[in-house]
Amino acid sequence: MNYPLNSDSHMTDTSAPDDSDEYPGSAWKGEGTAFWILSLRGIDKKQERLAHYNKATMTTLLTFAGLFAATVAAFLVDSYKSLSPDPNVQTFTVAFNQTNALLGQLVMAFNMTPV
């Protein structure tokens, strides 16, 4: 419902904005309809800006993650060439084999059957 404005009012346009958009409240015509139409349009614009910002941010993050992964992979491949077997593992393997040989000789000396 449009109310006539006084002549001393600073507003000149009393018509409601075009409510042809498909908003939930656009079917109801009454006082306050223009407020909801304007509010929903403002929210839509804000959501659109937020979506564009999120898209740009996500693109930047994914690009950075891809470049970081490629750089780390390149360094790993290059450093793989300089790797050598752990000498402690070799020492442990030799000691383990000697222990097994000695235990085997002990079993054979006492003619025991292994469990």
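Quick note: the sequence shown, position 10, residue 9 per numbering that gives the first Met the number 0, numbers continuous. Even for Gly, the Cβ is constructed at its ideal location relative to N, Cα and C. In this text the structure is predicted, and so the values were computed from the model without any measurement.
Label Ile36 either buried or exposed according to how many other C-beta atoms from any shown protein chain fall within 10 Å of its C-beta, with 16 as the threshold for buried. Position 37 of the sequence shown, counting from 1, holds the residue named residue 36. Result: buried.
Helix, strand or coil for Leu118? Go by DSSP, reduced to three states. Summary: the structure shown does not reach residue 118, with the chain confined to residues 0 through 114, and so no result is reported for it.
Expressed to the nearest angstrom, what Euclidean distance is found between the alpha-carbon atoms of Val76 and Thr62? Here residue 76 is taken as the residue at index 77 of the sequence shown, counted from 1. Here residue 62 is taken as the residue at index 63 of the sequence shown, counted from 1. Each residue's Cα considered, the two are about 21 Å apart.
Asn53 to Lys44, Cα distance in whole Å? The sequence position of residue 53 within the sequence shown is 54, counting from 1. The sequence position of residue 44 within the sequence shown is 45, counting from 1. Distance between the alpha carbons of Asn53 and Lys44: 14 Å.
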